[in-house]
Amino acid sequence: MAEGIFLHRAAHRNMSHLFEVDSAGTGSWHVGSRPDPRAIATASKYGIELLSVARQVTQIDIDQYDLLLAMDSSNLVHLENMGARNARLIRSFESGTGSDLDVPDPYYGDGDGFDRVYEMLVASCDGLICSLTKS
Numbered sequence: 001m002a003e004g005i006f007l008h009r010a011a012h013r014n015m016s017h018l019f020e021v022d023s024a025g026t027g028s029w030h031v032g033s034r035p036d037p038r039a040i041a042t043a044s045k046y047g048i049e050l051l052s053v054a055r056q057v058t059q060i061d062i063d064q065y066d067l068l069l070a071m072d073s074s075n076l077v078h079l080e081n082m083g084a085r086n087a088r089l090i091r092s093f094e095s096g097t098g099s100d101l102d103v104p105d106p107y108y109g110d111g112d113g114f115d116r117v118y119e120m121l122v123a124s125c126d127g128l129i130c131s132l133t134k135s
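Quick note on numbering: the sequence shown equals residues 1 to 135 in the numbering used here.
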């Protein structure tokens with residue numbers, strides 16, 4: 001959902017052309033799958049179409065991208081163990097988050113979990129866009 005939200009928020013600011021964005025997981029269990037139908041439904045409520053197919057992060061990603069964003073501290077450690085020196089928690093760009101910067105995994109919860117994650121990611125993506133476009 002984060003990729004779709006980021007691209008949507010950047011497009012509303014006429015800034016899509018400034019960013020190259022991709023999504024990949026640290027695990028391989030969903031490789032080749034579309035997003036969870038609840039994530040698709042949540043994003044759709046806000047005019048966001050989730051088109052990506054899951055893939056696993058590779059060493060090429062670590063080497064190619066200027067910034068790698070992790071949803072939680074476990075994934076951040078995984079990226080760092082792969083050699084990423086440019087990895088951060090996505091919520092570190094959200095103001096007023098306190099000390100818990102992990103995005104909860106809504107997969108095993110109810111549909112409301114996806115709405116809560118959506119709201120977190122909007123705030124995080126807005127903060128990220130501001131951070132990346134500061135002159």
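C-beta atoms are modelled at their ideal positions from N, C-alpha and C, and glycine is treated no differently.
- As the crow flies, the alpha-carbon of LEU121 is around 16 Å from that of ASP36.
- Below 8 Å, too few C-beta pairs join the stretch 83-90 and the stretch 47-56 to call them touching: fewer than three.
- Between SER73 and ASP102, the CB-CB gap stays under 8 Å.
- Of the candidates ALA84, TYR46, LEU76, GLU49, the residue whose Cα lies closest to the Cα of ILE62 is ALA84.
- Between the alpha carbons of ASN81 and ASN75 lies a distance of about 10 Å.
- Cβ-Cβ separation between GLU49 and SER23: approximately 14 Å, too far for a contact (criterion under 8 Å).
- Per DSSP, reduced to three states, the secondary structure at ALA24 is coil, with no helix or strand assignment.
- Cβ-Cβ distances below 7 Å link TYR107 to ASP36 in the same chain, with the five nearest sequence neighbours on each side left out; the list follows chain order.
- If you compare the alpha carbons of TYR46, ASP66, PHE93 with that of VAL21, the shortest gap goes to ASP66.
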